[in-house]
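Visitor: Residue numbers (our numbering): 1163 to 1486.
Just so it is clear, CB atoms sit at the ideal spot from N, CA and C, and this is done for glycine as well.
Nothing here was measured: the structure is a model prediction, and the numbers come from that model.
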Amino acid sequence: MTEVSAAGAFDPASATIAVVTYNRSHLLLRLLESITRMDPKPGRVVIVDNASTDDTATVVESYRDRLGAELIYQRLDTNTGGSGGFSEGMRLAYEAGSTWMWLMDDDVEVLPDGLAKMGTWSSRFKSIQGRRFDFDGSEFYWQYRLSIPLGIPIPFAPAGFDASGYREMNSGCFEGMFIHRDVVGEIGLPDPRFFIYWDDSIYGWLASRKTTSVIVDEFVLRRTREIAQWDMGVRHLNASSNMYRYYIMRNRGYMKHYFRTHGAYRPVRFAVGTMLTFAKELIRLAFVERTFRGTSHLLRGTRDARTLARDTSWRPMPPLDQVA
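#1: Distance, Cα to Cα, R1407 vs A1171?
#2: Might you give, ordered along the chain, the residues of its own chain that have their beta carbon closer than 8 Å to the beta carbon of V1485, omitting 5 neighbours on each side?
#3: With a CB to CB cut of under 7 Å and the five nearest residues on each side skipped, what residues in its chain are close to R1428?
#4: Of the residues P1481, Y1235, G1463 and T1457, which one's Cα is nearest the Cα of I1358?
#5: Between L1368 and G1415, how many whole angstroms is the CB-CB distance? I'm expecting something under 8 Å.
#6: Give the list of continuous alpha helix (DSSP H) stretches no shorter than 4 residues that lie fully inside the stretch 1366-1425.
#7: Going by the C-beta, is L1312 closer than 7 Å to any heavy atom of the ligand SAM?
#8: Can you tell me which of the three DSSP states L1308 falls into?
#9: Report the rounded CA-to-CA distance for K1372 versus P1478, giving the unit in angstroms.
#10: Alpha carbon to alpha carbon, how far is D1298 from D1211?
#11: Taking the straight line between their C-alpha atoms, what separation do you get for G1276 and V1382?
#12: Is the stretch 1212-1220 in contact with the stretch 1172-1191, if contact means three or more CB pairs nearer than 8 Å?
#13: Thinking just about the alpha-carbon of each residue, which of V1207, D1268 and V1270 is nearest to the one in W1262?
#14: Short check: CB of T1453 to CB of L1447, under 8 Å?
#15: I'd like the span of the beta strand (DSSP E) that includes S1289, first residue to last.
#16: Per the DSSP calculation, I1179 is bridged to which residue(s)?
#17: Would you mind stating whether Q1236 and L1254 have Cβ atoms separated by less than 8 Å?
#18: Y1235 bridges to which residues according to DSSP?
#19: Is F1295 near R1384, with beta carbons less than 8 Å apart?
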């Protein structure tokens, strides 16, 4: 592993912000407005629209001459989920020659000095995650460590930072992932087959196998959408949806393939992780959404995961050609 990036000072123009959006133009507008206030600004902004039916295209075009950065807008013919959107956004950014790709959803704002803060770490690391403020201004805790044998986040990984200002991670989150093109070239694009959920965890894990990946003690984003949650003190549990419940279980079939391909699959412990994931979703239903309606989606996802895991034709995403 290496933690040394390309030599020389960070050039903001080498960075691309890649955003995925779907029928949330009111949130996208806030993100685009925050980009106009950035100092410095990125060289380009890529917007991948997952076949929105609202006024997203109009909102995007209204900012074309205001961003202070090149704007690439790609409207897809169908909704490919966050996974497909980020795969396409990274492809567009990579093919445009971007050195750094900063991925984010449409329900965040960028803090004005966010890119400058990320840039200060770019000479040391090639896979970086900044911190976020939650909707209410509190510090958002993200589970940055995965238990690979179990295939689940470690919920009590330390939240604090020492004097180094960073902690090593082996996961990823597409709400703020800042990644160098060299790593993307080695591990390929995010896998669109996930549709939603576990895609960024697996992608971050793949990146951590190639380079030292870190979360840094720098607040760079603010979430702009309020989500119902159960406050457990030091941690919280967000509300979900039936679609998420299905994919969080189904996509463990894809996780199993990735772990198996890279020699990290441990059948018994992974099965325990699957049971823990199922149990966590039942707790989410009971204590956050106060219902057990939705359990059928967990069961259906579990069944489909077994089918996916038995697919002998499955192959991981291929590496991309290295571009100087």
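Guide: So, to answer that:
#1: 44 Å
#2: With a pLDDT of 44 at V1485, under the threshold of 50, the modelled position of this residue cannot be trusted, and the question is left open.
#3: Within the same chain, R1428 has close Cβ partners P1311.
#4: G1463
#5: Between G1415 and L1368 the Cβ distance is about 17 Å, and since that is not below 8 Å, they are no contact.
#6: 1404-1412 and 1414-1423
#7: Although the ligand SAM was asked about, the structure shown includes no ligands whatsoever.
#8: strand
#9: 16 Å
#10: The straight-line gap from Cα to Cα measures roughly 27 Å.
#11: 4 Å
#12: Taking a cut-off of 8 Å for Cβ pairs, the stretch 1212-1220 and the stretch 1172-1191 touch, as three or more such pairs fall below it.
#13: V1207
#14: Yes, they are a contact pair.
#15: DSSP places S1289 in the uninterrupted beta strand (DSSP E) bounded by S1289 to F1295.
#16: Paired residue(s): V1207 and W1264.
#17: yes
#18: For Y1235, which the question treats as bridged, DSSP gives the partners I1209.
#19: yes
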